[in-house]
Every structure is written in structure tokens, then in C-alpha cells.
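To start, the structure under review is shown below, and the notes come after it.
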């Protein structure tokens, strides 16, 4: 582009180039944070995978690990939404996109707290009945099948639509200020929880401390939110994969090489 006299670049384009570089830098930074999270998680979880319904440890330890896991698993797929928010707020504080991401992560941390409470309560009430050779195997397979069914429900379709096309969600729930950025991020995280809770339940059913299954679930989530195919195509494909996994866990768990039985013997 040149000026009307043809003597050089249009100085009016400089702010646009700067905004693009800023958004790309933000996305790159989020991916770096996710990469650090993956490295940290792989190191901390080495040797801790006890298969389906792995012990969750103390509340403080679990929430710390969970927050890092969510940053590693979710930041790649939410990066376009954060970049869109940064574009809308480019004339405001550069801190706000990070506050938005923090609010998003806060919602997922709250979801982890609920998962922890459910897991601890079930363990205390049912005890050894949840062992792999008791009801544990059937519960794991059933959880995967329920997740497969949820993938093709209207609620899943609505939540996934909000995650894949966030502009309307952002503009329809706009809040100003730093606290508004956190609230909007938390709201976006709530839509994401609605979209992905069944996939995260599947992770517990396969081994929440397994980096391999973490990577699998993270890849599915990223594909659902970012691939250009129609939503229903993506969700039906995911549903089929989860259904197959559920049937294999029930009928032939030895066909899943990444699955570890609770006794510690690798399947």
C-alpha cells in the first residue's frame, strides 16, 4: 500500500499492523503457557497413572495440578477467543486479555473442585465397590458411553456453537473494566465447561493422571472448537470414538494399550 502520491507506505496502516502483531503475540504467549503446562504436568505425573478413578490426593495438590492441566489442555483451543477479545479491546488496557484468560481458568478450577468433591464423596460412600474388579470397570465404560451420548444432544450443540463462534457471546455479555474482563472470561469458561464436561469425565474414566489420555482429550477438544467442519460432523465423530472406547473398556480393555488397571499392571 502507498500514499495517494505513491511515495511510500500508508502511515494509517501502522496501527493495524501493530494490532495484528499484538494479537499474534498474545496467541503465541498463550501457547507457550500451555507448552510449559504440558512439560510441568508430564514431569509431575510421571509414574502416577493408576488407571481409571486414580486417587485424587489432597485438595490443595489436586487443585494446583488441575489448574496447570487446564491451562495446558484448554489454552490452545481458547486462544482464538482471547485474541478476538484483545482485538475488541485494543484501545483499552493490554492487561485485560490476560484477565479474561484468568477468568476462563477460574471457571475450570471451580469445575475441578466439583469433580474432586464428587470423587471423594463417592469413594467414602462406596469404598471398595468402586474397585476395578468391582463396579469400577463398568462405571468407567458407562461414563464413556454417557459422554458419547452427550456429544449429540442439543445442549452440547448450543455450548459448542458458543465456543466456536464467540463474537456474539462477547458482545452480548460485554462488561467494562478489569473486573468485567474476568467476568467475561469466566462466562466463556462456563460455556466451555458445558461443552466439555463429558470429555473431562471421560478423562477420569481413562486415567486423570495419564498424560497420554490428557493429550487425547485435549486434541478432541481442540478439534471440536477449531476445525472448519460443521459442528454436527465433529460431534458425531467424537461420539463415535467415545462409544468405541466405552465398549472396549467394558468388553476388551486389553485392546487399549494406554490403559492402566488400578493394580498398576499396564494393560
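In this note's numbering, the protein residues as written are 712 to 978.
All C-beta atoms in this analysis are idealised placements derived from N, C-alpha and C, irrespective of residue type, glycine included.
Remember, it's a predicted structure, so these values are computed and weren't measured experimentally.
Residue i to residue j span [Cα, whole Å]
i: residue 785; j: residue 893; result: 17 Å
i: residue 962; j: residue 736; result: 47 Å
i: residue 728; j: residue 944; result: Only weak support is given to the placement of residue 728: the predicted model assigns it a pLDDT of 47, under 50, and the question is left unresolved by the model.
i: residue 884; j: residue 764; result: 37 Å
i: residue 815; j: residue 959; result: 34 Å
i: residue 752; j: residue 865; result: 34 Å
i: residue 770; j: residue 919; result: 15 Å
i: residue 808; j: residue 796; result: 7 Å
i: residue 747; j: residue 804; result: 26 Å
i: residue 952; j: residue 813; result: 31 Å
i: residue 777; j: residue 811; result: 19 Å
i: residue 832; j: residue 824; result: 12 Å
i: residue 860; j: residue 950; result: 7 Å
i: residue 762; j: residue 856; result: 18 Å
i: residue 760; j: residue 754; result: 12 Å
i: residue 806; j: residue 882; result: 19 Å
i: residue 838; j: residue 757; result: 26 Å
i: residue 888; j: residue 935; result: 31 Å
i: residue 869; j: residue 775; result: 30 Å
Beta carbon of residue i nearer than 8 Å to that of residue j
i: residue 954; j: residue 917; result: no
i: residue 873; j: residue 880; result: yes
i: residue 817; j: residue 901; result: no
i: residue 698; j: residue 956; result: Within the shown structure, residues of the chain are numbered from 712 to 978, placing residue 698 beyond reach of any answer.
i: residue 788; j: residue 933; result: yes
i: residue 849; j: residue 840; result: no
i: residue 835; j: residue 942; result: no
i: residue 937; j: residue 867; result: no
i: residue 922; j: residue 819; result: no
i: residue 968; j: residue 843; result: no
i: residue 822; j: residue 908; result: yes
Nonlocal neighbours in the same chain, by C-beta distance under 6 Å from residue i, ignoring five residues either side
i: residue 791; result: none
i: residue 854; result: 912, 916
i: residue 886; result: 894, 895
i: residue 852; result: 957, 960, 961
Beta-carbon proximity list for residue i, same chain, < 7 Å, skipping 5 on both sides
i: residue 744; result: 782, 786
i: residue 910; result: 858, 928, 931, 932
i: residue 899; result: 792, 815, 877, 880
i: residue 779; result: 748, 751, 752
i: residue 976; result: Below a pLDDT of 50, predicted positions are generally treated as unreliable, and residue 976, at 41, falls in that range; no measurement from the model is reported.
i: residue 827; result: 767, 770, 773
i: residue 914; result: 924, 925, 928
Neighbourhood of residue i by C-beta, 8 Å cutoff - its chain only, sequence neighbours within 5 removed
i: residue 742; result: 786, 787, 790
(request) Tell me, please, whether the stretch 797-815 touches the stretch 892-912 by the rule of three or more beta-carbon pairs shorter than 8 Å. (result) yes
(request) Taking only runs that begin and end inside the stretch 724-782, name each unbroken alpha helix (DSSP H) of 4 or more residues, in chain order. (result) 725-755
(request) Answer yes if the stretch 920-939 comes into contact with the stretch 770-789, meaning at least three C-beta pairs across the two stretches below 8 Å, and no otherwise. (result) Under the Cβ criterion (8 Å, minimum of three pairs), the stretch 770-789 counts as touching the stretch 920-939.
(message) Report the start-end ranges of each alpha helix (DSSP H) in the stretch 836-899 that is 4 residues or longer and not cut off at the edges.
(response) Runs of the alpha helix (DSSP H) inside the stretch 836-899: 848-861, 865-875, 878-883.
(request) Pick out the complete alpha helix (DSSP H) segments inside the stretch 912-939, 4 residues or longer, and give them in chain order. (result) As far as the stretch 912-939 is concerned, its whole alpha helix (DSSP H) runs of at least 4 residues are 922-937.
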